[in-house]
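Beneath this line is the structure, given in structure tokens, with notes to follow.
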Amino acid sequence: MAVFDNFWAVYSNLVLGLGINALLALSIYLTLSCGMLAMANAAFMGIGAYTAALLTMNYDTPYIVSILAGMAAPAVVAFVMGKPTLRLSGVYLAMATLAFGEVVRIFILNTDSITGGALGLNGIPQSTQWWHVLLALVAVLALLWRLRHSRVGRAFESIKEDETAAGLMGIDVGAHKMTAFVLGAAIAGLAGTLNAHLTFFIGPNEYGFDRGVDILTMAILGGINGLAGPVLGGTILTLLPEVLRGFQDFRLVVNGLILVLIVLFLPKGLWDPARIRNWFGKGGKHA
Amino acid sequence: MSATLQLKNISRHFGGLKVLQDVNLDIPQGGIFGLIGPNGAGKTTVFNLITGLLPPTSGTISFEGRDLAGTKPHEITRGGIARTFQNIRLFKEMSLLENVMVGMHAQLRYGTLGLLGTSGLFRSEEKRARERARELLSWMKLDHKAEDTADNLSYGDQRKLELARALATEPKLLLLDEPVAGMNANEKTELMREIEQISGRGYTIFMIEHDMRFVMGLCQEIAVLNFGRIIAQGGPDAIRNDPQVIEAYLGRDEDEPASGPDGIVTDGAPSPVAAGVAPTSVSGPGAQA
């Protein structure tokens, strides 16, 4: 048991980081699965983190209330900003949502009196237990699993493939895009809340462009053909920097190189059921 | 017969281009109605207006007495109008079964609670949808490929799947945009039989088609569109012998005793449109007597 205690003392943050990153990857998977390249998830994570942390610190709310608020706030913001922006498609939506992310970051920077500005928020109670993260991940996975195998999931996929045809199948395209966007924001907010109550400190730059790209990379790397992809992508992107410690100064170079190679040779991501089946099929023949 | 779909004084302009001018059409309840016309006559635009993808510049479209102005495409579909596309628009990465089940979207009645809850409603509705989807696929003789990916289907089968998917929305009126484009003679005959069966099940069908034999064999009534105007309407025989229709397809024959592209002399019988009907020897149930 002592071995485990030791391991946990050193690596608990890393393990919980795995769960949080998986949640983030799943949040962008939701919009990607509906055919939208929305890059606002880092901002939604930030909105959730700040909302929950401020509630906890200033009003001493129970953790569950902070979590719910940390999900509701980005969901409401997503709804309001989704109204005008979700009409955009492709790269234009990406640009609009990226710009929104910058707006959020700069807003946080300039509201020192509430958010602490560039100094961030210090001394957030470390309320997040390992089982909070596990529970959140399991609940989100269960929800998305059900969604994927329902009429909503089929509607998302049909919208991704052909928006016009989907509309002519009786699917309210706008409403489904909004659902994916708002739900994705809530999940990102959940991840942000859990993270904020784990790291003690949050600052505006944690939720900027870099984080947005990280989240997208996790989903693309893992693949968006299923729920396993984003979880796998999140895991790899969290572990890779740790595994590569041996490379010391070249760590980031090797890290980037691996990502480039995966995207080059496995464009559908690591988790691609069709390809995996293919491999096993071939293996079967040789055996 | 009362009209189920009515187009009144419909015009549609794209900038200075007048694609449709003052089009009036009454599609009667039941039966198969055909719309023919040379390439670029504006046929597909008619479908795009009916399904709400484009608003008309002027005029009104009503379905079962209800004005469709400002109605969104998905609401029009739910109101009972489904369509297929000239350039096939399937959900290629989904299975045949899923394609058809997407069409049943609006009929699956489990609310958000049913979706999230553990009640049997979700399961029973999904099961019902799957069974209905298989039935529709069997109408098109595609049920043995239900789990295949739509992208892997042959061209003719893709068109059939589009039909099954359109039927899944439980339409009263089915709009078919060139259903046999690019099919070989056998596939055409097969599809002809299937469309007749669908019509026999009580669906009203409104189709755009180039293939004269196909249209003349299936439709009870035909309208001819040329340069955005309806130039003739009537039964297959009347259309076949209409001088304006012949002119639209083959050009004028006044200045010289012109011959059609196939060397058919256009003044006098047999008319060139009818000639399109005769040559192939494929015999479908709807084939010409």
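Line by line, the protein sequences are chains R and V.
The number in the numbering used here is simply the position in the first sequence, starting from 1, with 4 added.
With the numbering used here, letter number 33 in the second sequence gets 23, and the count goes up by one each step, no holes.
Beta carbons are placed, not taken as given, at the ideal position from N, Cα and C, and that holds for glycine.
Determine the DSSP secondary structure at P234/R, reduced to helix, strand or coil. helix
Can you tell which of T102/V, L153/V and F217/V has the C-alpha that lies nearest to the C-alpha of M197/V? L153/V
Using CA coordinates, which residue listed in W275/R, L125/R and G212/R is at the minimum distance from I206/R? L125/R
So, for T65/R: in the same chain, excluding its five sequence neighbours on each side, which residues have a beta-carbon less than 6 Å away from its beta-carbon? L59
Write down the C-beta distance between L15/V and A213/V rounded to the nearest angstrom, noting that I regard them as a contact closer than 8 Å. 6 Å
Please report the straight-line C-alpha distance between G52/R and V247/R, rounded to a whole angstrom. 30 Å
Would you tell me roughly how many angstroms separate the C-alpha atoms of Y63/R and L236/R, rounded to the nearest one? 37 Å
Count the other CB atoms, across all protein chains shown, that sit within 10 Å of the CB of R249/R; report buried if there are 16 or more and exposed otherwise. exposed
Let me know the beta strand (DSSP E) ranges lying completely inside the region 158 to 183 of chain V, each 3 residues or longer, listed in chain order. 163 to 167
Anything in chain V within Cβ reach of I175/R, meaning under 9 Å, just list it in chain order. H64, T67, V92, H95 and A96
Quick one: does E125/V have its CB under 8 Å from some CB of chain R? no
Quick one: Cα of I189/R to Cα of A103/R, how far? Position check: residue 189/R holds Ala in this sequence, whereas Ile was assumed. The straight-line gap from Cα to Cα measures roughly 16 Å.
Write down every uninterrupted run of the alpha helix (DSSP H) in the region 134 to 171 of chain R whose length is 4 residues or greater and which is fully enclosed by it, in chain order. 134 to 152, 155 to 165 and 167 to 171
Please confirm whether S154/R has its beta-carbon closer than 8 Å to some beta-carbon of chain V. yes
Quick one: what's got a C-beta closer than 6 Å to T239/R's C-beta in the same chain, skipping five residues either side? L22
When DSSP builds the beta bridges, which residues end up paired with Q210/V? DSSP, once it has assigned bridges, lists no residue as partnering Q210/V.
Are R99/V and E115/V touching if we call contact CB-CB under 8 Å? yes
Given that E83/V touches chain R, what residues does it touch there, using C-beta distances under 8 Å? E161 and E165
Does the count of Cβ pairs from the region 79 to 95 of chain V and the region 166 to 185 of chain R closer than 8 Å reach three? yes
Local conformation of R155/V per DSSP, three classes: helix
Counting C-beta neighbours from all protein chains within 10 Å, is the total for M182/V 16 or more, i.e. buried, or is it exposed? buried
Just how far apart, CA to CA, sit M(-9)/V and E167/R? Annotation note: pLDDT 46 at M(-9)/V (below 50); position unreliable, no value reported.
If we cut at 8 Å on Cβ distances, does R91/R have a partner in chain V? no
Span separating the alpha-carbon of E106/R from that of F213/R: 8 Å
Run through the region 32 to 94 of chain V for me and flag every whole beta strand (DSSP E) of 3 or more residues, listed as ranges in chain order. 48 to 53 and 71 to 73
By how many angstroms is the C-alpha of L7/V removed from the C-alpha of P262/V? With a pLDDT of 46 at P262/V, under the threshold of 50, the modelled position of that residue is not reliable, and the figure given next carries that caveat. Their Cα atoms are separated by approximately 30 Å.
Would a C-beta distance cut-off of 8 Å place I163/R and H136/R closer than the cut-off? no
For A222/V, report the span of its beta strand (DSSP E) as first-last. R219 to G224
I'd like the span of the beta strand (DSSP E) that includes K8/V, first residue to last. L7 to P18
Step through the CB atoms of chain V and report whether any lies within less than 8 Å of the CB of T242/R. no
At a CB-CB cut-off below 8 Å, which residues of chain R make contact with E88/V? R158 and E161
Opposite M197/V in the DSSP bridges: which residues? G24/V and L166/V
Where does the unbroken beta strand (DSSP E) through Q(-4)/V begin, and where does it stop? A(-7) to F4
Say whether chain R places a C-beta atom closer than 8 Å to the C-beta of T159/V. yes
For a contact defined as C-beta to C-beta under 7 Å, what are the partners of L172/R on chain V? T41, P63, T67 and R73
Just mark M5/R as buried or exposed, buried being the case when its beta carbon has 16 or more other beta carbons within 10 Å. exposed
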